[in-house]
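Quick note, the sequences are listed as chains A and B, same order. Quick note: the first sequence, position 148, residue 148 per the working numbering, numbers continuous. Count along the second sequence starting at 1, add 1000, and that's the number in the working numbering. Think of the CB as a built atom: it goes at the ideal place given N, C-alpha and C, for glycine as much as any other residue.
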Amino acid sequence: MSVSSGEIVTIIGPNGSGKSTTAKIALGIMKPDEGISSQQKNLRVSYVPQKLEINWTLPLTVKRFLSLTNKLDKTNLDTILGETEISHLLDSQMSELSGGEFQRTLIARAMIRSPDLLVLDEPVQGVDFNGEIALYSMIEKIRNKLNCGILLISHDLHVVMSKTDRVICLNGHICCSGTPANVASSKEFIELFGVHAASNLSLYEHKHDHEHLPDGQIKHSG
Amino acid sequence: MLDDFFVRALIGGIGVALVAGPLGCFIVWRRLAYFGDTLSHSALLGVAIALLFELNITLAVFFISIIVSFLLLFLQSKAALTSDALLGLLAHSTLAIGLVVLAFMTWVRVDLMGFLFGDILAITVEDLVLIWVGGFLALATLGFIWRSLFAATVSHDLALAEGVKTKLMNIIFMIVIAAVIAVSLKLVGVLLITALLIIPAASARRFSNSPELMAAISGFIGVLAVVLGLNGSLTWDTPAGPSIVVAALGCFVFSILPFKILRVSIFKQTTK
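Now the structure itself:
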């Protein structure tokens, strides 16, 4: 698997299927037991980890956190703060943020770096549905603006961002992959979530040619 | 002026506190209190080796601390024990080996209490030079890697993914800890060095809204504890190291008292 610039690749899969591990290997945080992983030279990477715990002993304002691994550019900062709706939180302590605010701050920080590759590990966890839609359109916007490659991880097996170019379904191995079908055409979905949501989300159809046995082994059909 | 042992102790103590404060913040943020404790316990082994081979005590302690920290990293990656068990194992076995080696050397008379709890009378002008030069180098190094080390402290994975050399930062950080332990040995003794690292940092937390401010306040509280502790030690004829630690504890207790006025004025910017 690969991620090229301007491309959005979404990895889906059940818990424990190796989504975060795959992302960590791509980022160079973990070394693969088998095979190789490589990045282009001088690639500017931004990472939104699945878990980030900031303990109380660390006095850290949102503003300081945003400049953790880079310098802040004023105009860029204002735009992104507006888009992520965290302008009012700039002087708050990170440990005081709510789950959704924290998540939006993580994403804002990743965007401020103007990355070539953006890796988002379940970026919308703890964000309400409208916020989720807004974040997805923001991710799309950043792709259009920077033409960066985006690796997005989601645990939702069916609903993915509609702008995803490629969906990879992972379950210990690459189960299946393909393009998502737009849900805008699905009447039930529009009734449930509204037109705006439908245009931002897609359904991914699974085409398996094998079965997962309870002990983790794979049985190929035919 | 430097002929007075008390003035020497004061100058040495302030030098140690200025570097121990900011360094201690990182130890608290990274939850490394026990790691610092292990390194300082192993300092006694360094003392024993220095006496055995007639080496410079500070240098021997410095290198033993570095060896122990690398040993710890190695064991963490190999052994089936958890980190806290490994730390306990290393801390007490190095301390015990140090004590046993000292006992074997019947030809050297050692003031064991001095090494365990600090001995201000033993501070010489050369020690002062060592404390200030070593302390300055340690602080300068910490300042130089500050941003990267801080990013790695907030999140190792995130910093590594975004190009921070986290492994190098960790190694430099360990060397700085070893250096500070080595230079503060005579002042507070092996059993109490960690207190000087942790208590000022813990006291500074309530008054800080940024990491840099916390580091500065921590250094200031450390200096305050040294001045109060050494004066107390002189007045009541108590051992220097424990007196400094008790004074630091006093600062900590003061910091957690519910002074509304104090806190509101400092936290004004952060309250929503």
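Roughly how many whole angstroms lie between the Cα atoms of glutamate 122 (chain A) and leucine 81 (chain A)? Start at 1 with the first residue of the first sequence, and residue 122 (chain A) comes out as number 122. Start at 1 with the first residue of the first sequence, and residue 81 (chain A) comes out as number 81. Rounded to whole angstroms, glutamate 122 (chain A) to leucine 81 (chain A) spans 20 Å at the Cα level.
Per DSSP, what kind of secondary structure is valine 1223 (chain B) in: helix, strand or coil? Position 223 of the second sequence, counting from 1, holds the residue named residue 1223 (chain B). In this structure, valine 1223 (chain B) counts as helix in the three-state DSSP scheme.
State the DSSP-derived secondary structure class of valine 1019 (chain B), mapped to helix, strand or coil. Here residue 1019 (chain B) refers to the residue found at position 19 of the second sequence. In the structure shown, valine 1019 (chain B) sits in a helix (DSSP, three-state: H, G or I).
Hey, does isoleucine 150 (chain A) have any beta-carbon neighbour from chain B nearer than 8 Å? For the purposes of this step, residue 150 (chain A) is taken as residue 150 along the first sequence, with counting starting at 1. No, isoleucine 150 (chain A) does not count as interfacial toward chain B.
With a threshold of 6 Å on Cβ separation, who are the neighbours of leucine 1191 (chain B) within its own chain once the five nearest residues in sequence on each side are excluded? In the second sequence, counting from the first residue as 1, residue 1191 (chain B) sits at position 191. Same-chain partners within the cutoff: Leu1116.
Under 7 Å by beta carbon: chain B residues contacting arginine 104 (chain A): Locating residue 104 (chain A) in the first sequence gives position 104, counting from the first residue. In chain order: nothing, as chain B lies at least about 16 Å away.
Which residues DSSP lists as bridging valine 45 (chain A), in chain order: Here residue 45 (chain A) refers to the residue found at position 45 when the first sequence is read from its first residue. Per DSSP, A:Leu117.
I need the straight-line Cα distance from leucine 66 (chain A) to serine 95 (chain A), nearest angstrom please. Here residue 66 (chain A) corresponds to residue number 66 of the first sequence, with the count starting at 1. Here residue 95 (chain A) corresponds to residue number 95 of the first sequence, with the count starting at 1. Going from the Cα of leucine 66 (chain A) to the Cα of serine 95 (chain A) covers about 14 Å.
Assuming isoleucine 150 (chain A) contacts methionine 1 (chain A) (C-beta within less than 8 Å), just tell me the rounded distance between them. Along the first sequence, one-based indexing puts residue 150 (chain A) at 150. Along the first sequence, one-based indexing puts residue 1 (chain A) at 1. Going by Cβ atoms, the distance from isoleucine 150 (chain A) to methionine 1 (chain A) rounds to 14 Å, so no, they are not a contact pair.
Identify, in the order they occur along the chain, each residue of the same chain with its Cβ nearer than 8 Å to the Cβ of asparagine 70 (chain A), setting aside the five sequence neighbours on each side. In the first sequence, counting from the first residue as 1, residue 70 (chain A) sits at position 70. Taken in chain order, the residues that qualify are Ile112, Arg113.
Taking all protein chains shown into account, do 16 or more other C-beta atoms lie within 10 angstroms of the C-beta of isoleucine 153 (chain A), making it buried, or fewer, making it exposed? For the purposes of this step, residue 153 (chain A) is taken as residue 153 along the first sequence, with counting starting at 1. Classification of isoleucine 153 (chain A): buried, given that the 10 Å Cβ count is 16 or more.
Rounded to a whole number of angstroms, what is the C-alpha to C-alpha distance between proline 214 (chain A) and leucine 1257 (chain B)? The sequence position of residue 214 (chain A) within the first sequence is 214, counting from 1. The sequence position of residue 1257 (chain B) within the second sequence is 257, counting from 1. Going by the C-alpha atoms only, they are around 57 Å apart.
Asparagine 171 (chain A) to valine 1154 (chain B) span [Cα, whole Å]: Against the first sequence, residue 171 (chain A) aligns to sequence position 171. Against the second sequence, residue 1154 (chain B) aligns to sequence position 154. Cα-Cα distance, rounded: 31 Å.
Does any C-beta atom of chain A lie closer than 8 Å to the C-beta of glycine 1163 (chain B)? Residue numbering aside, residue 1163 (chain B) sits at position 163 when the second sequence is read from its first letter. Closer than 8 Å: yes.
By the DSSP assignment, the alpha helix (DSSP H) with histidine 1156 (chain B) in it spans what residues? The residue labelled residue 1156 (chain B) in the question sits at position 156 within the second sequence. That run of the alpha helix (DSSP H) goes 1156–1161.
Would you identify the three-state DSSP class for valine 1264 (chain B), choosing helix, strand or coil? Position 264 of the second sequence, counting from 1, holds the residue named residue 1264 (chain B). Note that valine 1264 (chain B) has pLDDT 44, beneath the 50 cutoff, so the model's placement of it is unreliable and the number below is only indicative. In this structure, valine 1264 (chain B) counts as helix in the three-state DSSP scheme.
Cα-Cα, which of A:Asp91, A:Arg143, A:Pro115, A:Val160 is closest to isoleucine 133 (chain A)? Residue numbering aside, residue 133 (chain A) sits at position 133 when the first sequence is read from its first letter. Nearest of A:Asp91, A:Arg143, A:Pro115, A:Val160 to isoleucine 133 (chain A), Cα basis: A:Val160.
Using the rule of at least 16 other Cβ atoms within 10 Å of the residue's Cβ for burial, across every protein chain shown, is lysine 1186 (chain B) buried or exposed? Working through the second sequence from its first residue, we reach residue 1186 (chain B) at position 186. Looking at its Cβ environment, which holds 16 or more other Cβ atoms inside 10 Å, lysine 1186 (chain B) is buried.
Neighbour-count burial assignment, leucine 1081 (chain B), 16 or more Cβ in a 10 Å radius: On the second sequence, position 81 is the one that residue 1081 (chain B) refers to. Its Cβ having fewer than 16 others within 10 Å, leucine 1081 (chain B) is exposed.
Relative to the C-alpha of glutamate 7 (chain A), which candidate in A:His212, A:Thr164, A:Ser177 has its C-alpha closest? One-based indexing of the first sequence puts residue 7 (chain A) at position 7. Comparing Cα-Cα distances from glutamate 7 (chain A) to each of A:His212, A:Thr164, A:Ser177, the minimum goes to A:Thr164.
Leaving out five residues before and five after aspartate 116 (chain A) in sequence, what residues of the same chain have Cβ atoms less than 6 Å from its Cβ? For this step, residue 116 (chain A) is matched to residue 116 along the first sequence. So the qualifying residues of the chain are Leu43, Arg44, Cys148.
Are isoleucine 1097 (chain B) and threonine 1141 (chain B) close, meaning C-beta to C-beta below 8 Å? Numbered from its first residue, the second sequence carries residue 1097 (chain B) at position 97. Numbered from its first residue, the second sequence carries residue 1141 (chain B) at position 141. Against a cut-off of 8 Å, the Cβ pair of threonine 1141 (chain B) and isoleucine 1097 (chain B) comes out as no contact.
Thinking just about the alpha-carbon of each residue, which of B:Gly1135, B:Ala1048, B:Leu1086, B:Asp1157 is nearest to the one in isoleucine 25 (chain A)? Indexing the first sequence from 1 puts residue 25 (chain A) at position 25. The candidate whose alpha carbon is nearest that of isoleucine 25 (chain A) is B:Asp1157.
Among the residues of its own chain, which have a CB less than 8 Å from the CB of histidine 1092 (chain B), if the five just before and after it don't count? Locating residue 1092 (chain B) in the second sequence gives position 92, counting from the first residue. For histidine 1092 (chain B), where only same-chain residues beyond five positions count, the Cβ hits under 8 Å are His1041.
Using a beta-carbon distance below 8 Å, is valine 1019 (chain B) in contact with chain A? Numbered from its first residue, the second sequence carries residue 1019 (chain B) at position 19. Taking Cβ atoms only, chain A never reaches closer than 8 Å to valine 1019 (chain B), which makes this a no.
Pairwise C-alpha distance: proline 49 (chain A) and arginine 1206 (chain B): Position 206 of the second sequence holds residue 1206 (chain B). Position 49 of the first sequence holds residue 49 (chain A). Roughly 28 Å between the two C-alpha positions.
When you compare the CB of serine 1208 (chain B) with every CB in chain A, is at least one pair closer than 8 Å? As a first step, residue 1208 (chain B) is located in the second sequence; it is residue number 208 there, counting from the start. Chain A, which has a Cβ nearer than 8 Å to the Cβ of serine 1208 (chain B), makes this yes.
Could you give the first and the last residue of the continuous alpha helix (DSSP H) run that contains serine 1077 (chain B)? Within the second sequence, residue 1077 (chain B) is the residue found at index 77, counting from 1. First-last of the alpha helix (DSSP H) with serine 1077 (chain B): 1057–1078.
I want to know whether the stretch 1162–1180 of chain B touches the stretch 1144–1153 of chain B - three or more CB-CB distances under 8 Å. yes
Of the listed residues B:Val1245, B:Val1068, B:Val1164, B:Thr1094, nearest to leucine 1045 (chain B) (C-alpha basis): The count along the second sequence starts at 1 and reaches residue 1045 (chain B) at position 45. Comparing Cα positions, the closest option is B:Thr1094.
Along the chain, where does the beta strand (DSSP E) that runs through arginine 166 (chain A) open and close? To locate residue 166 (chain A), count along the first sequence from 1; it is residue 166. Segment 166–170, the beta strand (DSSP E) holding arginine 166 (chain A).
According to the Cβ coordinates, are valine 1223 (chain B) and leucine 1018 (chain B) closer than 8 Å? For the purposes of this step, residue 1223 (chain B) is taken as the residue at position 223 of the second sequence. For the purposes of this step, residue 1018 (chain B) is taken as the residue at position 18 of the second sequence. It is a contact, given that the beta carbons lie within the stated cut-off.
DSSP three-state label for lysine 1165 (chain B), please. Position 165 of the second sequence holds residue 1165 (chain B). Three-state DSSP puts lysine 1165 (chain B) in coil, outside helix and strand.
Along the chain, where does the alpha helix (DSSP H) that runs through isoleucine 29 (chain A) open and close? Sequence index remark: in the first sequence, residue 29 (chain A) carries index 29 (1-based). Note, isoleucine 29 (chain A): premise wrong, no alpha helix (DSSP H); not H, not E.
Closer than 9 Å between beta carbons: that is the criterion. Which residues of the stretch 1139–1168 of chain B meet it against chain C? Of the protein chains in this structure, namely A and B, none is chain C.
Identify, in the order they occur along the chain, each residue of the same chain with its Cβ nearer than 6 Å to the Cβ of tryptophan 1132 (chain B), setting aside the five sequence neighbours on each side. Working through the second sequence from its first residue, we reach residue 1132 (chain B) at position 132. Contacts found: Gly1015.
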